[in-house]
Amino acid sequence: MTSIAKAVLGKRWTIIGDQARLGNTITVTEEKTTRAFIITQFTEITVNGQRATIADLKPGMTVNVTIGVDPSQAGRIIATGVGTDDKRKKKK
Numbered sequence: 001m002t003s004i005a006k007a008v009l010g011k012r013w014t015i016i017g018d019q020a021r022l023g024n025t026i027t028v029t030e031e032k033t034t035r036a037f038i039i040t041q042f043t044e045i046t047v048n049g050q051r052a053t054i055a056d057l058k059p060g061m062t063v064n065v066t067i068g069v070d071p072s073q074a075g076r077i078i079a080t081g082v083g084t085d086d087k088r089k090k091k092k
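So in the numbering used here, spot 29 of the sequence shown is number 29, and the numbers just go up one at a time.
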């Protein structure tokens, strides 16, 4: 059996700001490149080695995204780190 999945350009991406998770899409950045990937019911997500869901993905986490035949869909997302809380209170 041959796997068609491949890592997206072999890069480690960072989940970005408020638009990190919109519905079933994750937006990531690496230097000057920003990409959005659709997360389907078949996307495998792990955070710090544990099985996870899209709700567990936080802005600031580092991710490796693996895609399949459709380059707009994430087949696997491996995330590390704790991310940041976008709703943190601003200092007065």
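The C-beta atom is built at its ideal place from N, Cα and C for all residues, glycine as well. From a predicted model like this one, the values you see are computed outputs, not experimental measurements.
(1) Roughly how many whole angstroms lie between the Cα atoms of D70 and G60?
(2) Taking the beta carbon of A79 as the centre, do at least 16 other beta carbons fall within 10 Å, making it buried, or is it exposed?
(3) If you measure from the CB of V69, is any heavy atom of the ligand FAD nearer than 6 Å?
(4) Only counting the same chain, and skipping five residues up and downstream in sequence, which positions put a Cβ closer than 8 Å to that of N48?
(5) In whole angstroms, what separates the C-alpha of R76 from that of T33?
(6) So, at 6 Å on beta carbons, what are the nonlocal neighbours of A36 in its own chain, with the 5 sequence-adjacent residues on each side left out?
In terms of the structure at hand:
(1) Looking up residue 70 in the sequence shown gives position 70. Looking up residue 60 in the sequence shown gives position 60. Approximately 25 Å, taken between the alpha carbons.
(2) One-based indexing of the sequence shown puts residue 79 at position 79. It is buried - the Cβ of A79 has at least 16 other Cβ atoms within 10 Å.
(3) Among the components modelled here there is no ligand, and therefore nothing to report on the ligand FAD.
(4) Position 48 of the sequence shown, counting from 1, holds the residue named residue 48. Taking C-beta separations shorter than 8 Å and ignoring five residues to either side along the sequence, the partners of N48 in its chain run A79, T80 and G81, following chain order.
(5) Residue mapping note: residue 76 aligns to position 76 of the sequence shown, counting from 1. Residue mapping note: residue 33 aligns to position 33 of the sequence shown, counting from 1. When rounded, the distance between both Cα atoms is 20 Å.
(6) As a working note, residue 36 is residue 36 in the sequence shown. Excluding its 5 nearest sequence neighbours in each direction, A36 has C-beta neighbours in its own chain below 6 Å: T25 and T27, listed in chain order.
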